[in-house]
Ligand SMILES: [Zn+2]
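In the working numbering, the protein residues as written are 7 to 115.
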């Protein structure tokens, strides 16, 4: 496992004359990897490469917990602001508890 070396190899092309040429759009590619945007559900997503996006609030919680989230685990935004991904605004919950949280927030129960 040597990701750095793999990345370096990928960023160079061997030209017909046998010279290494740096791929021009490497800067754009690096920028794209770092780019964040807001998806159609209002969540902040960041590009993880190869058109894979990851939801930022899940990544923040994973970092906080030091482990990957299970698919049934849901992250709730305490203040209702989906782009406020500070750890203090995030609560780890599951599907049914999450439904309850939202019903309480709307004053239904
Ligand atoms: Zn929620």
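Don't be surprised by glycine CBs; every beta carbon is placed ideally from N, CA and C.
Considering only residues of the same chain and omitting the five flanking positions on each side of residue i, which have a CB-CB separation below 8 Å?
i	result
residue 111	86
residue 64	75 and 81
residue 100	78, 79 and 80
residue 109	115
Which residues in the same chain have their Cβ closer than 7 Å to the Cβ of residue i, if we skip the five residues on either side of it in sequence?
i	result
residue 5	This structure gives no information on residue 5, because the portion of the chain shown stretches from 7 to 115.
residue 60	51, 52 and 54
residue 31	Its pLDDT being 48, under 50, residue 31 is placed unreliably in this model, and the value from its coordinates should be taken loosely. Excluding residues within five positions, none has a Cβ falling inside 7 Å.
Taking the CB atoms as reference points, tell me whether residue i and residue j lie closer together than 9 Å.
i	j	result
residue 93	residue 50	no
residue 91	residue 62	yes
By Cβ distance, which residues of its chain are closer than 6 Å to residue i, with the 5 residues on each side in sequence left out?
i	result
residue 37	Residue placement at residue 37 is poorly supported in this model, since its pLDDT is 47, which falls under 50; the coordinates are not used for a value here.
Just grab the DSSP bridge partners of residue i for me.
i	result
residue 51	43 and 61
residue 71	According to DSSP, residue 71 bridges with nothing at all.
residue 97	82
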